[in-house]
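Enquirer:
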Amino acid sequence: MPRTHRAPRPAAPEPRPAPRRAAVGITIAATALALAGVAALLLWAAQQPQAAAVDTHRPLGGVICARWPAFASKLGFQQGTALISTRDTATVGLLLTDPTAPDLQDYQEPGGSWAQAGNLGPYALDDTGAIFVAPVPRTSLSLNPPDKQTILYRVDPATGVMAPWATVPAALPPSLENPYGLMGLAVDCATHSLYASSLAGSTQAQEVGRVVRIDLTTGQITAQLDGVDAIGLGVFVTPRGPRLYLGRARSGAVQSVLLDQAGNFAGPLRDDLALDDAVDDAYMRVRRITWRADGSAVLTAMPFTYSLDNGDTSLQLLATYDPAADRWRIVDVHRE
479 MPRTHRAPRP AAPEPRPAPR RAAVGITIAA TALALAGVAA LLLWAAQQPQ
529 AAAVDTHRPL GGVICARWPA FASKLGFQQG TALISTRDTA TVGLLLTDPT
579 APDLQDYQEP GGSWAQAGNL GPYALDDTGA IFVAPVPRTS LSLNPPDKQT
629 ILYRVDPATG VMAPWATVPA ALPPSLENPY GLMGLAVDCA THSLYASSLA
679 GSTQAQEVGR VVRIDLTTGQ ITAQLDGVDA IGLGVFVTPR GPRLYLGRAR
729 SGAVQSVLLD QAGNFAGPLR DDLALDDAVD DAYMRVRRIT WRADGSAVLT
779 AMPFTYSLDN GDTSLQLLAT YDPAADRWRI VDVHRE
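Below, the structure written as structure tokens:
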């Protein structure tokens, strides 16, 4: 029987490769999507708050960098015994006096510049001997019109002449409910900073005060905290960096804010002390913060009610600092 020969099956055709043009298109699209994602991520990161650079290498303690004015020394008023006074009841404006030298006559700048701003309140000295001072009314507004109480004055360390230096704008116009403007001053020589607090524009119901940082070199405001009524100010260097401490005007609280390497504000306000823990008077406020060489603080507290009739009661509270816990504690209260 003849052998039957079966023809072999043809091989299955190989799959046709996808067109090269389509593959290139897919690759480009994927790359574009990836780049768009990276761009969106970079934009998001740029919009996030950046941590400010903080100087953690400064010596710990309260910032005390005032230099005695050269003009005062030439007049015979020596640092350590002489006083710069803004509270003399018989004098309008600034006064140099020395209670230890009865033969040395009290001094006011003969050109009248020290009286031009009416009654004065807080003052601070920088490391050149310049005196910075602000107007604060006592018993009336006759010498201190409200619209002039946000002007900061500077006394030249060489000549002793006082002149307007900077203005802290008010958030709202002055009202009969609040006769005050600038209330607190503090200097940090390391960053060439002057800090000033203003109550201008605030009322019993509305807190619109400001705390500002002014560059000592230019006289320009570089940073500000809005909606904060504060009185006493002081800069203290903690292990985590320098902080501006402030006594609140509406309560007995002492709060602080972190400062960056330029002296600008670098974080939220933090609660540090409360006078309510040591004082019975609900109207007591920290009007002045004084640093001591041992790292402690003396808080001068007085009644404050946004009126000109605040009384003359005064307390001094001693507070100590724990650097490990970054916390303050009131350890003593003394009535003046």
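Going by my numbering, the sequence shown opens with residue 479, and the numbers climb by one from there.
Ideal placement from N, C-alpha and C gives every residue a C-beta, glycine not left out.
Given the structure is predicted, the values throughout are model-derived calculations rather than measurements.
1. Does the distance from the C-beta atom of Ala593 to that of Val614 stay below 8 Å?
2. Among all the DSSP beta bridges, which residues are the ones paired with Ser676?
3. Counting along the chain, where does the beta strand (DSSP E) carrying Ser785 start and finish?
4. Taking the CB atoms as reference points, tell me whether Arg770 and Ile709 lie closer together than 8 Å.
5. With 16 other CB atoms within 10 Å as the buried threshold, where does Met746 fall?
6. According to DSSP, is Ala760 part of a helix, a strand, or is it coil?
7. Beta-carbon within less than 7 Å of Tyr761's beta-carbon, same chain only, minus the 5 sequence neighbours each way: which residues are those?
8. Taking C-alpha atoms, which residue in Arg536, Ala744, Val686, Leu660 lies nearest to Leu711?
9. Please determine, among Leu598, Ile542, Gln557, the residue with the shortest C-alpha to C-alpha distance to Thr564.
10. Work out the CA separation of Leu582 and Gln684 for me, nearest whole Å.
11. Considering only their Cβ atoms, is the gap separating Ala674 from Leu630 smaller than 8 Å?
12. Select from Ala701, Ala664, Ser653 the residue whose C-alpha is nearest the C-alpha of Glu678.
13. May I ask you to list the residues that DSSP assigns as paired with Gln702?
Expert: Let me spell this out:
1. no
2. Leu660, Arg688
3. That residue, Ser785, is in no beta strand (DSSP E); it is neither H nor E in DSSP.
4. no
5. In the sequence as presented, Met is not what sits at residue 746; that position holds Pro. It is exposed - the Cβ of Pro746 has fewer than 16 other Cβ atoms within 10 Å.
6. coil
7. Pro781, Phe782, Thr783
8. Nearest option by C-alpha distance: Leu660.
9. Here the closest residue by C-alpha is Leu598.
10. CA-to-CA, the gap between Gln684 and Leu582 works out to about 47 Å.
11. A contact, by the Cβ cut-off of 8 Å.
12. Before going further, note that residue 678 is Ala rather than Glu in the sequence given. Ranking the options by Cα distance to Ala678, first place goes to Ser653.
13. Val690
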